[in-house]
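Residue numbers (this note's numbering), protein chains in the order written: chain A, 1 to 144; chain B, 1 to 144. Report on the following structure.
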DNA sequence: ATCGAACCCCAGTTGAGAACCGGAGTATAC
DNA sequence: GTATACTCCGGTTCTCAACTGGGGTTCGAT
């Protein structure tokens, strides 16, 4: 429903990592932040979450940085979203709705979420990259 | 994604109105609020929004109250949600994303929203009522 | 060894928006 | 004409996202 800027930042960062995946050097926070115009201190927190979620790997020290943990086509968008929203949605976790009416409403809502998950499962980081490249080609066409 | 309590309240109220649709007397705010355990002053605002959205009709004066504007099976959940979130989502309305990357991300998100809408289009208030009744039957069965 | 970068644990701020409360006004059935 | 119930408008309270910042620790390449 809502594209929080947290999610957007994370996806942009992953997209950036995906497009540099074939390179030897890891990407540093500053580079990603500068490229995608994201506050670096905030991005640091997001990348930490993604790392704990097993989506990216980090390398310390000079020439360190971040790399995708897997190939871009093996990372579904759903994984990224789940990883980031995981900490939020455990408090309300399955407290039985008091009334039948509320139960019905939440039931429908669960169905909505299921359909969201289905869509997000279809897309991988690679798909995002491809889409971006296609768009860039279009932009060039318009330019001429 | 998130079931705000605003939405939940509104759906519960609509559900209540739907189940009393066949009756002659309109339902009053207090009745709905008491039945569904919703702060009445807040519910008042929500019902006002729904009324402006053409989903319900109000009758003033003694013995006044609210009635559905149409039959319960002619009101999709999507309409209700749209009506309530309408005021929120017009500021960001189609401001072109600055970068190609952001454009791609929001594009995917639009697809997600489309699938959400599809689900919410399938359900009508009548469906909610039916589901509730089915659940009640189940509860009775368990009770025995 | 030393520098650069990731990592960690905070703690605080700021702004927006959700949820709710209250009063005074207005319409309408009886 | 009065009680009832909707209506308008404003204000409060509280939570949370989105940052910002400090201060330190651990690695790894050079």
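Where a beta carbon is used, it is the ideal one built from N, C-alpha and C, also for glycine.
Whole angstroms is fine: what's the gap from residue 80 of chain B's alpha carbon to residue 29 of chain A's? Residue 80 of chain B and residue 29 of chain A have their alpha carbons spaced roughly 43 Å apart.
Tell me which residues share the same chain as residue 43 of chain A and place their Cβ nearer than 7 Å to its Cβ, disregarding the 5 neighbours each side in the sequence. 9, 13, 29, 32, 33
Neighbour flag for residue 21 of chain B against chain A, beta carbons, 9 Å: no
Is there a C-beta anywhere in chain A that falls below 9 Å from the one on residue 124 of chain B? no
Could you tell me whether any Cβ in chain A is nearer than 9 Å to the Cβ of residue 49 of chain B? no
Which of the residues in the segment 113-142 of chain A, read from start to end, lie with their CB under 8 Å from any CB of chain B? 113, 115, 116, 118, 119, 120, 123, 128, 131, 132, 135, 136, 139
Just to confirm my understanding: we take residue 56 of chain A, look at its own chain, exclude 5 residues before and 5 after, and list those with CB closer than 8 Å. What are they? 14, 17, 47, 50, 66, 67, 68, 69
What distance in whole Å lies between the Cβ atoms of residue 77 of chain A and residue 120 of chain A, which are believed to be in contact at a cut-off of 8 Å? About 5 Å separates the Cβ atoms of residue 120 of chain A and residue 77 of chain A, confirming a contact at the 8 Å cut-off.
Just verifying my parser: in three-state terms, what is the DSSP assignment at residue 58 of chain A? strand
Bridge partners of residue 65 of chain B, per DSSP? B:59
Please determine, among A:104, A:132, A:112, the residue with the shortest C-alpha to C-alpha distance to residue 129 of chain B. A:104
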